[in-house]
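Asker: Chains as they are written, first to last, in my numbering: chain A, 330 to 710; chain B, 330 to 710.
Here it is: the structure, laid out below.
Next comes the structure, spelled out in structure tokens:
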């Protein structure tokens, strides 16, 4: 199958080299980029119409990132009857409904496994499991940068700023790390995962999110003393026609699988009514893992592998359906009716809904902008 | 698609109920069993020809177990042009080459994901990854009974016999637990996994195997003192046209993912040159997990999902290609040339090939039938 790769950055080049090295039957006929890397003069173009108008090119692999012009390029490809593979979580999350409708209308495949989980075949296996099982819940470590930070704080005793600087030096963290440490990257991956699992189309705004910006070495020492490990998790579950998806630092027993996930690895789990727990661990980012996941989606399309198209049903987001307990460390006042136990400036709460804890936190932040909180998932299964 | 299920025991019934509950488009037209469960009179038959001769039945799901008559039934189905899904590791391991040849000759699909890993889509994802990546190694916890035993010995301080009896009472272990505790069950799953990963057809005899029959509470306490956890692993790797597959108790650092795999869970990993580490964790056995994995294979076939048929190449088994260190606890004499360090009746060896350690152990067993040994995988990646 002849394909085109849009964007020859890290992921695009990873996909290109994976195809080149694996002799898997795909042929990269065109690469769209404004730069022309040495040796690629014969296939690189900066004119997208050369790709759109080429009837040999049956599939477009989008590795540009961001909303625009990725949205225009992907839409045009689908309208031209070309299959699309995208690694772009921002695009897929924002235009989930529109792009699926366009793909259905033009009888094309739209695949985006690398958009959540990088090299891990998470979304693929989630779709596959859903064919014969009910997904009771999903949750996971979906961001390698924050896992690297939390792991180093726990095991090397580092301070947040110190390890963030190391992560930047190693290329794990961006110069502006907000998307990672405030949980916004996980939020998109969580919205996409929940939309697949529950036949809906969640937007970012449907996913209440706390990050790890305010976590301190003392928080971690406190968790250690409780035998708990803190991980930033994206979570989702369904109750009838209501679905909750949220991102929060989460305290897990030291023996939980997620607690052993070190460095920049990701680990995402589904719990099916029939199959029980299925967890998938691997590299959530990086040139070859993510490139490889793009190629896998391309090979599935080339082999004619089709899952039932997502049906967007009447499932509505409702962040109030799954109350659970929280750890709060703050100098702000925590009312008695939500405090189950106090220990200095630490409070363990009674079970609170995600709506409730966000309402409390947004008020408390006025007096204590350094507030940190984490959910307790000690009895999740 | 109309299908038939052969054998209405635990796994067959799990597959049946998964199909019934999921409305996934499969129709169980016939069940082959000598018993006729109440309410199934209209579809149960004890005459296999009723299935073979029914042109509506496009797929046969074998959940009988054992070599015979499973082999005759599966062969006849393939010869009649019917696709086959099997959960039977004994059958697939023993007739790997013959059944694949028969499927190719009759243009049928042969799928057996549940034969290794139960509910975990391990073999499926291994085949999928192999399309565009080179599998540098694979290893995993492939048996829930022995993991349950090792986990309880480590965390509850139980003795081997005590926890084996509990496992029997819970239905995790058979009345005759030899196949589990001597590693024979893992051996078949390991042979199948290595055959898929490396385009070969290993037999059980190609997989040198140690079990955990002789492990004691004192061995485990010693591992604890080293910060190590003991797990029974099936392992395989390739070096040029030589492949090694072996089953042995293995000492892993306490922080390794496998070390956190508790109770009867399985966790199997591939390491790809491109994708890096991918691990898959879930229930390796049980009515619904295994039944579910059977249904997944059926749905793939119904959806036309085909992977390149395994090509059986010139790769030969060679248990000498991957020397590594061993823990040996024995009252037998351990020669100086293989002992790196001694501590009472414990020896840490120099790196030894699997061939070498088996040669040593079979001699030592003459004087010490209670000898226990475990490989060290401290620097595997």
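By construction, the Cβ of each residue, glycine as well, lies at the ideal position given by its N, Cα and C atoms.
Residues of chain B with CB under 7 Å from residue 569(A), in chain order?
Answerer: Under the 7 Å cutoff, chain B gives no residues; its nearest Cβ is about 18 Å from residue 569(A).
Asker: Given residue 609(A), which residues of its chain have a CB within under 6 Å of its CB, disregarding the five upstream and five downstream residues?
Answerer: Contacts found: 449, 451 and 597.
Asker: Does the Cβ of residue 569(A) have 16 or more other Cβ atoms within 10 Å, making it buried, or fewer, making it exposed?
Answerer: exposed
Asker: Report the neighbours of residue 618(B) on chain A: residues whose CB is nearer than 8 Å to its CB, in chain order.
Answerer: 603, 604 and 605
Asker: Nearest CA to the CA of residue 341(A): which residue from 352(A), 354(A), 394(A) and 523(A)?
Answerer: 394(A)
Asker: Looking at the structure shown, is residue 557(A) part of a helix, part of a strand, or coil, going by DSSP?
Answerer: strand
Asker: Apply the 10 Å Cβ neighbour rule to residue 413(A) and answer buried if 16 or more other Cβ atoms are within range, or exposed otherwise.
Answerer: buried
Asker: Check each candidate in 629(B), 606(B), 612(B) and 616(B) and name the one with the smallest Cα separation from residue 618(A).
Answerer: 606(B)
Asker: Using only the alpha-carbon positions, how far apart do residue 681(B) and residue 689(B) sit?
Answerer: 10 Å
Asker: With residue 488(A) as the anchor, note down where its beta strand (DSSP E) starts and where it stops.
Answerer: For residue 488(A), there is no enclosing beta strand (DSSP E), as DSSP marks it with neither H nor E.
Asker: Could you tell me the alpha carbon to alpha carbon distance between residue 659(B) and residue 697(B), rounded to whole angstroms?
Answerer: 7 Å
Asker: List the whole-angstrom C-beta distance separating residue 406(A) from residue 389(A), where the pair is believed to meet the contact cut-off of C-beta under 8 Å.
Answerer: 4 Å
Asker: Below 8 Å on the Cβ atoms is my contact criterion, and I expect residue 526(A) with residue 418(A) to pass it. Report the Cβ-Cβ distance as a whole number of Å.
Answerer: With a Cβ gap of about 16 Å, residue 526(A) and residue 418(A) do not count as contacting.
Asker: What three-state label does DSSP hand residue 419(A) in the structure shown?
Answerer: helix
Asker: Does DSSP put residue 796(A) in a helix, a strand or coil?
Answerer: The first residue shown for chain A is 330 and the last is 710, placing residue 796(A) beyond what the model contains.
Asker: Would you report the Cα separation of residue 631(A) and residue 432(A), rounded to the nearest angstrom?
Answerer: 16 Å
Asker: Could one say the Cβ of residue 386(B) lies closer than 8 Å to chain A's Cβ atoms, at least one of them?
Answerer: no
Asker: Under the DSSP definition of a beta bridge, which residues are partnered with residue 334(A)?
Answerer: 360(A) and 390(A)
Asker: Where residue 440(B) and residue 350(B) are concerned, what is the direct C-alpha to C-alpha distance, given to the nearest angstrom?
Answerer: Those two C-alpha atoms are separated by around 22 Å.
Asker: May I have a chain-ordered list of the beta strand (DSSP E) segments no shorter than 3 residues that lie completely inside the stretch 577-654 of chain A?
Answerer: The stretch 577-654 of chain A contains these whole beta strand (DSSP E) runs: 594-601 and 605-612.
Asker: Residues in its own chain within less than 8 Å of residue 668(A) by CB, not counting five upstream and five downstream?
Answerer: 676, 677, 678 and 679.
Asker: What is the residue span of the alpha helix (DSSP H) that residue 434(B) lies within?
Answerer: Going by DSSP, residue 434(B) is part of the alpha helix (DSSP H) stretching over 425-434.
Asker: Compare the beta carbon distance of residue 386(A) and residue 411(A) with 8 Å and say whether it is the shorter of the two.
Answerer: yes
Asker: Using the three-state DSSP reduction, which class does residue 545(B) fall into: helix, strand or coil?
Answerer: Note: residue 545(B) maps to coil in three-state DSSP.
Asker: Measure how close the beta-carbons of residue 516(B) and residue 536(B) come, nearest whole angstrom, since I'm counting them as under 8 Å.
Answerer: 5 Å
Asker: Which residues, in order along the stretch 338-350 of chain A, keep a beta-carbon less than 7 Å from a beta-carbon of chain B?
Answerer: 347
Asker: Could you compute how far the alpha carbon of residue 513(A) sits from the alpha carbon of residue 507(A)?
Answerer: 8 Å
Asker: Give me the chain A residues within the contact set of residue 625(B), using Cβ-Cβ distance strictly less than 8 Å, ordered along the chain.
Answerer: 457, 458, 460 and 461
Asker: Beta-carbon of residue 592(B) versus every beta-carbon of chain A: anything under 8 Å?
Answerer: With respect to chain A, the C-beta atom of residue 592(B) has no partner C-beta closer than 8 Å.
Asker: Report yes if the C-beta distance between residue 470(A) and residue 560(A) is below 8 Å; otherwise report no.
Answerer: yes
Asker: Counting contacts by CB-CB distance shorter than 8 Å, is residue 709(A) in contact with chain B?
Answerer: Model confidence at residue 709(A) stands at a pLDDT of 48, short of 50, so the residue's coordinates are unreliable; what they give is reported in the following sentence. Any Cβ of chain B closer than 8 Å to the Cβ of residue 709(A) would place that residue at the interface, and such an atom is absent.
Asker: Does DSSP put residue 474(A) in a helix, a strand or coil?
Answerer: helix
Asker: Name the chain A residues whose beta carbon is nearer than 7 Å to that of residue 415(B)?
Answerer: Chain A residues near residue 415(B): none, gap ~18 Å exceeds 7 Å.
Asker: If you drop the 5 nearest sequence neighbours on each side, which residues of the same chain put their C-beta closer than 7 Å to that of residue 344(B)?
Answerer: 334, 390, 392, 620, 623 and 624
Asker: Would you list the one or two residues that DSSP bridges to residue 371(B)?
Answerer: For residue 371(B), which the question treats as bridged, DSSP gives no partner whatsoever.
Asker: Which residue wins for smallest C-alpha separation from residue 305(A), given the options 521(A), 493(A), 534(A) and 339(A)?
Answerer: Beyond the ends of chain A as shown, which are 330 and 710, falls residue 305(A); an answer cannot be given.
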